[in-house]
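S.K.: Sequence positions in the sequence shown follow my numbering and run 425 to 1063.
Questions regarding the structure given below will be posed in turn.
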Amino acid sequence: MPSLIVLEGDQQGRVITLAEKSLAVGRDPANDLVISDAEASRRHFVIEWANGAYFVRDLNSDNGTFVNGVPVGRALLLDRDEIRVGSTRLMFVEEISAGDVPPPFCIERGEESEDFFIDAATEAAPRPAEPATEDLQQAYDRLKTLYSLLRSDIESGDGQRRLESALALLRDSIEADRVTLIERDPAAPNDYRVRHMVTASGVSSRNRIAISRTVFAYVEQEHRPFFCSNPQTDRRVGESASLRQSGIRSVLCVPLVEGDQVSGFLYADNFISREPFSKEDLDFVAAVGALVASWLRQRREAAISGAALAGAVHAPAGRHTFVTQNARVKEILEVVHKVARSDATFLITGESGTGKELIARMAHMASSRARGPFICINCAALPDTLLESELFGHEKGAFTGAVASRIGKFEAARGGTIFLDEIGDISLAAQAKVLRVLQEKEVERLGGNRSVPVDVRIIAATNKNLADEIRAGRFRDDLFYRLNVIRIELPPLRERLNDLPALVEFFIQSLRSETHSSVRGASREALDVLARYSWPGNVRELRNVIERAVVLGTDEAIWPDDLPPEVRGLVAPAAFGSSETALAAEQSSTLCSLAECEREHILRVLNHTGWNKKRAAEILGISRSALYEKIATYSLEAP
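Here it is, written out as structure tokens:
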């Protein structure tokens, strides 16, 4: 019968026969198994019978429930799995034998408990089992270890804790003096950094370790594990003095592969133990390495919640992409798709940086003119005389410097689309000529006396209110009516903040390959800071901010202190570049008490870290509990 044996603890030797029912364990007297361990919760865990098997389920305990050294939430129990709570150890067995139970012991059978003691010497001897060879026992133990790691992968609790447990189990299994996880990091001095290390003493460290680059170069180039039982005689080591002189007796190194790239290494060595690693050790480390690579990839991909990106639209616009999950903007994209089927002129309005040119490019690509040219003219960037020449062309001698005839952009865009950006900034004379193109479908070059027919679609955009410009006499109302056949108004970024996660993720991934950065996502704290900023420059400004963070960032995620001061709210944007403003602020400041200064400093650090209290406490040089006391004392609140 399946049973639970108390191996260590105040009830050592007790055996409970499981009878296809739940068994509650904890300090509370109401539990089926009461343990007085100081680290046990009142209701710590329960063993459940379901679908023909037994499961252990942690009851949100304070110190966790461990199965074979791995913290679990709910896990299937296999024969001889060990459950640990603090210093209490229990073992689940499918069939009990006398050798399994430490004396003294009592057996409880089902619901009707009958306590009795048995003298192991007088008990009927069980049928002798065939002695398992050492190799079979090792293979069995390693299968159980792999199963534990797979199970922790499914239940996925704390990622860092799971990783540390995996490396500790791996070190114990292959009896290595040191097991190290090393990741590629372009920002590191040698392109690699130590993520985690477990030594024979059980001490974990992130300190730098002396490891030969010869090993890494071989693994990365060959995309295969490196196994060396004697560095002194292995020819692959070559002339690597660091490895030969290090005293290392045996080395294992397996690549962590993502796609066709090596993203890191799982490295193990022996420099004290005399036993070299075996081929079986290499196979086992490779199996664990595959799991670790999967965990690391999942962690990087989870930097931004998948739920936050659900429903995001990535609409192609030439070499660029328009990204949104905002309902209002999605409706705009549907309108653009419908408008694109015709040659109707339309007007795009919105603040600078909202993506007006991307909308125009999308319309061109979705139209029957997609094979024709797309020509963009920034009307605000050119003076009136040069703008007219650019748009309509000129004949030889039309003005000083016109040494040859030249066609304009309207002619060059024949069969395609011309995008007139910031059309609200052109002169009234140029407006009249644009109106003629719209009405007559022809242009007249500067200095010319004949009309040239053009086949072109016109899309215009502006960040100005053209109705106000008409009332002020700066824009022709007849041109406005010709352009305003269909009007698309893009909202500013501050009105579509639910697009921030998708935009940030898109910019990070598109910039990573260009900058060779280690940044792979944005932290929740950074996203919260970004959401509190007003974004006067809209999506264009957001891209610049993310590019800065990706280039300067040294972690896998973007944190609040990777963002510019004005985004974090530490400096008002209007104060940039103005020494007079800074001087006035300094002169207007008044002396304050020590408590007031402390309050302001703590608040500034909290805002700097996006109210990440762990990072704020580290900067302030105090414990987190002390920081919480300061927050309560000064009645500080997150913005």
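All C-beta atoms in this analysis are idealised placements derived from N, C-alpha and C, irrespective of residue type, glycine included.
Please read these numbers as outputs of a predicted model, since none were measured by experiment.
#1: Since ILE598 and PHE516 are thought to touch, with beta carbons under 8 Å apart, how far apart are those beta carbons, to the nearest angstrom?
#2: Take the Cβ of PRO984 as the centre, count every other Cβ of all protein chains shown within 10 Å, and call the residue buried at 16 or more, exposed below.
#3: Quick check: ALA382 and PHE843, are their CB atoms within less than 8 Å of each other?
#4: With a threshold of 16 other CB atoms inside 10 Å of the CB of LYS780, please say whether the residue is buried or exposed.
#5: Should the stretch 796-808 be called in touch with the stretch 763-773, which here means at least 3 C-beta pairs below 8 Å?
#6: Can you give me the Cβ contacts of ASP901 inside the same chain, cut-off strictly under 8 Å, excluding the 5 residues immediately before and after it?
#7: Between GLU949, LEU921, PRO453 and ASN455, which has its C-alpha nearest VAL747's C-alpha?
#8: With contact counted as at least three CB pairs below 8 Å, one residue from each stretch, are the stretch 453-465 and the stretch 474-487 in contact?
#9: By the three-class DSSP mapping on this structure, what secondary structure does GLN855 have?
#10: With a cut-off of 8 Å, do at least 3 Cβ pairs link the stretch 961-970 to the stretch 928-944?
#11: Indicate the three-state DSSP secondary structure (helix, strand or coil) for PHE816 in the structure shown.
#12: Please check the pair ILE440 and LEU447, which I expect to be a contact at CB under 8 Å, by giving their CB distance rounded to whole angstroms.
#13: Can you grab the Cα-Cα spacing for the pair ALA721 / VAL858, in whole Å?
#14: Between the stretch 865-879 and the stretch 906-924, are three or more C-beta pairs nearer than 8 Å?
#15: Determine, using beta-carbon pairs with one atom in the stretch 815-825 and one in the stretch 869-887, whether at least three such pairs fall under 8 Å.
#16: When burial is assigned at 16 or more other CB atoms within 10 Å of the CB, is LEU852 buried or exposed?
#17: Please go through the same chain and pick out, in chain order, the residues whose beta-carbon is closer than 7 Å to the beta-carbon of GLU554, but skip the five residues on each side of it.
#18: For MET425, does the three-state DSSP call read helix, strand or coil?
#19: Beta-carbon separation of LEU862 and THR773 under 8 Å?
#20: Are there 16 or more other CB atoms within 10 angstroms of the CB of VAL827, so buried, or fewer, so exposed?
#21: With 16 other CB atoms within 10 Å as the buried threshold, where does LEU586 fall?
#22: In chain order, what residues of the same chain lie with their CB nearer than 6 Å to the CB of ALA1056, ignoring the 5 residues before and after it?
#23: Could you name the residues that DSSP lists as bridge partners for TRP473?
#24: From the DSSP output, in three-state form, read off LEU676 for me.
#25: My output table needs one value for TYR616: the three-state DSSP class, helix, strand or coil.
#26: Which stretch, first to last residue, makes up the alpha helix (DSSP H) that contains THR1057?
#27: Report all residues from its chain with a CB closer than 6 Å to the CB of SER460; omit the five preceding and five following residues, and keep chain order.
#28: Could you spell out where the alpha helix (DSSP H) holding ALA891 opens and where it closes?
#29: Cα-Cα, which of GLY713, VAL639, GLY777 and GLN645 is closest to LEU593?
#30: Determine whether the beta carbon atoms of VAL963 and LEU927 lie at a separation below 8 Å.
#31: In three-state terms, what does DSSP make of GLY510?
#32: Looking at the structure shown, is GLN685 part of a helix, part of a strand, or coil, going by DSSP?
#33: Pull up the CB-CB distance for PHE695 and PHE640, whole angstroms please, since I reckon it's below 8 Å.
#34: Round the Cβ separation of ALA885 and ASP845 to the nearest angstrom and send it over; I've been treating them as touching at under 8 Å.
#35: Hey, out of HIS620, ARG595, ALA600 and ASP596, whose CA is closest to ARG607's CA?
#36: Rounded to whole angstroms, what is the Cα-Cα separation between GLU835 and ILE850?
M.R.: Working from what's here:
#1: Wrong, their Cβ atoms sit about 26 Å apart, outside the cutoff.
#2: buried
#3: Past the edges of the chain, shown from 425 to 1063, lies residue 382, and the structure says nothing about it.
#4: buried
#5: no
#6: ILE894
#7: LEU921
#8: yes
#9: helix
#10: yes
#11: helix
#12: 7 Å
#13: The question names Ala, but residue 721 is Arg in the sequence shown. Cα to Cα, ARG721 sits roughly 54 Å from VAL858.
#14: no
#15: yes
#16: exposed
#17: Low confidence applies to GLU554: its pLDDT is 45, below 50, so where it sits in the model is not reliable, and the reading given next is rough at best. Same-chain partners within the cutoff: there are none.
#18: coil
#19: no
#20: exposed
#21: Residue 586 is actually Arg in this sequence, not Leu. Its Cβ being crowded by 16 or more others within 10 Å, ARG586 is buried.
#22: none
#23: TYR478
#24: strand
#25: strand
#26: 1048-1057
#27: ASP434
#28: 890-895
#29: GLY713
#30: yes
#31: coil
#32: strand
#33: With 8 Å as the limit, PHE695 and PHE640 do not qualify as a contact, their Cβ atoms being about 18 Å apart.
#34: 5 Å
#35: Per the sequence shown, the amino acid found at residue 607 is Glu instead of Arg. For the residues HIS620, ARG595, ALA600 and ASP596, the minimum Cα distance to GLU607 belongs to HIS620.
#36: 19 Å
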